[in-house]
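Okay, so here's the structure we're looking at.
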Amino acid sequence: MQIIAHRGASAYAPENTFAAFEKARELSANFIELDVQMTQDNQLAVIHDDRVDRTTNGTGFVRHFTMHELEKLDAGSWFSPSFQGEKIPTLEAVLQKYHKKMGLLIEIKSSKTQPGIENSLGKLIDQFGFSLNIIVQSFDPEAIKTLHRLYPSLPTAVLIRPRLGLFSRHQLQYISSFAQYVNMKQTMLNPFLIKSVHRHGMKAFAWTVNGQKTGRRLQSWKIDGIITDYPDYF
Ligand code: G3P
Ligand code: CA
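Take the sequence shown: its position 176, counted from the start at 1, is 186 in this note's numbering, and no numbers get skipped.
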């Protein structure tokens, strides 16, 4: 079972910063999960929200900042004064530091407001080389479908939120034509669903699992990985 540090080891350090990523490495996580947003000058910045307000000392939409302007913001103090001076990383810097050392699970947050993000992301990862340890995920299956069409050898995942009604076999079949992983909210999982994902030739990760009991139950159901804020719990 893979242990994936959600936004880095985000229980211990400010999410989506090198402090959180280094903590994840120290705690022996297999993968780092991180989120990307495109800047005004078409760089890929590692930040969860489409605005900088919650996790930095700035205000405004990420897409209205250049990468250089974003790098001047403090992305650590909101979490704790001891992280003052942490920066919003570029995805390129993260790839440089961790490719071939740790797995990276990279999430496209909003492809609709950032046209072309699939191509920019695929192109950047291609410079480092595709591998089983760099996976791109999104809640938007169409973004993943586009990415797969452009870069068929790049491993991909579709994120699923619980909805009313059942997650159908038809949907799994569709996803399996362009993704290798289905990453589901832990509350919607059961052993039959995980088995069904496997039967369709894919793997399943669960998010966001912060309880050891839940982790053990998911492991007994043969989940392939858990995405957690506390990589040291598992
Ligand atoms: O990897 C799953 C999880 O990251 C999706 O939710 O909002 O934390 O990006 P969110
Ligand atoms: Ca995410």
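Glycine included, C-beta positions come from ideal geometry on N, C-alpha and C. Predicted, not measured: the structure shown is a model, and the values here were computed from it.
When you compare the CB positions of residue i and residue j, do they come within less than 8 angstroms of one another, or not?
| i | j | result |
| --- | --- | --- |
| Glu25 | Arg35 | no |
| Ala103 | Met77 | no |
| Gln229 | Met11 | yes |
| Leu164 | Phe140 | yes |
| Ile14 | Thr238 | yes |
| Asp234 | Lys213 | yes |
| Arg73 | Met112 | no |
| Ala85 | Thr69 | no |
| Leu83 | Val62 | yes |
With 16 as the cutoff for other CB atoms within 10 Å, does residue i come out buried or exposed?
| i | result |
| --- | --- |
| Gln222 | exposed |
| Gln106 | exposed |
| Phe202 | exposed |
| Asn200 | exposed |
| Gln183 | exposed |
| Leu142 | exposed |
| Lys33 | buried |
| Ser20 | buried |
Measure how close the beta-carbons of residue i and residue j come, nearest whole angstrom, since I'm counting them as under 8 angstroms.
| i | j | result |
| --- | --- | --- |
| Leu134 | Leu101 | 6 angstroms |
| Ala216 | Met194 | 6 angstroms |
| Ser186 | His208 | Going by Cβ atoms, the distance from Ser186 to His208 rounds to 11 angstroms, so no, they are not a contact pair. |
Check whether the Cβ of residue i sits closer than 7 angstroms to any heavy atom of ligand 3, and report yes or no.
| i | result |
| --- | --- |
| Glu117 | Looking at this structure, you won't find ligand 3 anywhere; what it does contain is ligand 1 and ligand 2. |
Ordered list of alpha helix (DSSP H) runs contained in the region 131-176, each at least 4 residues: 151-160
Those runs of the alpha helix (DSSP H) which lie wholly inside the region 15-48 and span at least 4 residues: 28-36
Where in the region 179-215 do unbroken runs of the beta strand (DSSP E), each at least 3 residues long, occur, reported from the N-terminal end onward? 191-195
Check whether the region 115-130 touches the region 146-153, taking contact to mean three or more Cβ pairs, one atom from each stretch, closer than 8 angstroms. yes
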